[in-house]
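Structure first, commentary second.
Number of protein chains: 2
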Amino acid sequence: MSEPFVLDGFLPYRIAVLAGRLSREFSRVYQDRFGLSRAEWRVMAHLSQEAEVSVREIHARVDMDKSKVSRAASRLEEAGIVTKRISERDRRLVVLALTEKGSAMMAELARAAQDYQAELIARLGPGAEGFLAGMAAMTSPTEAATRRHAGPAEAAAGQ
Amino acid sequence: MSEPFVLDGFLPYRIAVLAGRLSREFSRVYQDRFGLSRAEWRVMAHLSQEAEVSVREIHARVDMDKSKVSRAASRLEEAGIVTKRISERDRRLVVLALTEKGSAMMAELARAAQDYQAELIARLGPGAEGFLAGMAAMTSPTEAATRRHAGPAEAAAGQ
DNA sequence: CCCCGTTCATTGCAACTGCAGCGAAGAATG
DNA sequence: CATTCTTCGCTGCAGTTGCAATGAACGGGG
């Protein structure tokens, strides 16, 4: 029964290491070429999905604290990559949108991202499907144990 | 060919989110019960594998900057969880080891970790093997693209 | 119409992070 | 040996992080 604990086999650890490695690998693209931080890249990536998004929406979907989103957005605005304006429907909301410059950057980044994604799939080989299925199972809200209050995106935070 | 870029399908992103979620989920154990940070937990976990380890060894294997290891070790020492002493064979090395108190904590943590691991495997269900195979493939040093100078543990950093 | 509880985004603050640089100790070279 | 190069752990520092608190704006109930 009680196998000795083996760190190298512990899934949260293994996945965290993998995530760090992939993240770092791809960060070369947006960091070297555009000087973006990971947080900034994520905000941009999210904006490429829906043209106009509020800080709250990004916070809710992405694994980022809302202050992190806020500050990333400010830096992007300062760099002329996104615009911030107050929503007319709800004046508490800040609506983010890519500028033309931002869109051009994002187009290039999207291409690079797809190339990288293709390479990863290639690395996975035929086992890709199994891996993706596992990701889904893991991500699913089974959470038998460790039930939590939880908020948007699991109260974000972390990383 | 050129599918539009979809953030939710981008593997580095998905894996990062998953890693964050699992990490946070399990961190409740060592954080709530023992007040450990993630870095401290990792150092302890590593120490549970081999009784005596140097800062450098942890830095090399784990995805942690050496200063991070150093400071985590200092905090653990202050808390009476590990001891630091200078190696006799090489007086540059600092040898870390769990104290009795630390061992007791680690035993409890190991149990919790195994429970959590079991739950994760359960979540994965029959697809577990495929997932683990994918992890291995992904981690493997295929790295066709993005070759790097690299150092210990991919020059650590990140996360 | 006016409260009052809630939802947003931002900001202050303390803690943490990574990086560069340091001194001490070992290894290599002649 | 003396000299130089490398390895190891630590620390200063600037930048970042998460958390809590703030203030503005909604929205519902009386």
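In order, the protein sequence lines correspond to chains A and B.
Using the working numbering, the letters of the first sequence correspond one by one to residues 1 to 159.
Using the working numbering, the letters of the second sequence correspond one by one to residues 1001 to 1159.
Glycine is no exception: its CB is placed at the ideal position from the N, C-alpha and C atoms.
Where do the N-terminal and C-terminal ends of the beta strand (DSSP E) with residue i fall, by residue?
i, result
"V1095 (chain B)", "V1094 to L1098"
Quick one: is residue i near chain B, going by C-beta distance under 8 Å?
i, result
"L22 (chain A)", "yes"
"V17 (chain A)", "yes"
"Q31 (chain A)", "no"
"A137 (chain A)", "yes"
"G130 (chain A)", "yes"
"A97 (chain A)", "no"
At which residues does the alpha helix (DSSP H) containing residue i begin and terminate?
i, result
"D69 (chain A)", "Here residue 69 (chain A) is Val; the residue named in the question, Asp, does not match the sequence. Residues K66 to E78."
"F1010 (chain B)", "Looking at the DSSP string, F1010 (chain B) is not in any alpha helix (DSSP H), and its letter there is neither H nor E."
"F1131 (chain B)", "A1128 to T1139"
"G1047 (chain B)", "Reading off the sequence, residue 1047 (chain B) comes out as Leu, not Gly. Looking at the DSSP string, the run of the alpha helix (DSSP H) that includes L1047 (chain B) is R1038 to Q1049."
At 7 Å on the CB atoms, spell out the chain B contacts of residue i, in chain order.
i, result
"F5 (chain A)", "S1048, A1110, A1113 and Q1114"
"F26 (chain A)", "P1012"
Using a beta-carbon distance below 8 Å, is residue i in contact with chain A?
i, result
"D1063 (chain B)", "yes"
"G1127 (chain B)", "yes"
"A1060 (chain B)", "no"
"A1160 (chain B)", "No answer is possible for residue 1160 (chain B): it lies beyond the span of chain B, which begins at 1001 and ends at 1159."
"L987 (chain B)", "Beyond the ends of chain B as shown, which are 1001 and 1159, falls residue 987 (chain B); an answer cannot be given."
By the three-class DSSP mapping on this structure, what secondary structure does residue i have?
i, result
"R1089 (chain B)", "coil"
"P1152 (chain B)", "Residue confidence is low: P1152 (chain B) scores 41 on pLDDT, short of 50, so the model does not pin down where it sits. Its coordinate-derived value is still stated next. Looking at P1152 (chain B) - three-state DSSP - the assignment turns out to be helix."
"V62 (chain A)", "coil"
"S54 (chain A)", "strand"
"I1015 (chain B)", "helix"
Run down chain B in chain order and give the residues with a C-beta less than 8 Å from the C-beta of residue i.
i, result
"M105 (chain A)", "Under the 8 Å cutoff, chain B gives no residues; its nearest Cβ is about 13 Å from M105 (chain A)."
Which residues in chain A have a C-beta closer than 9 Å to the C-beta of residue i? List them in chain order.
i, result
"L1120 (chain B)", "L11, P12 and M138"
Using a cut-off of 8 Å between C-beta atoms, extract the partners of residue i located in chain A.
i, result
"A1133 (chain B)", "G127, G130 and F131"
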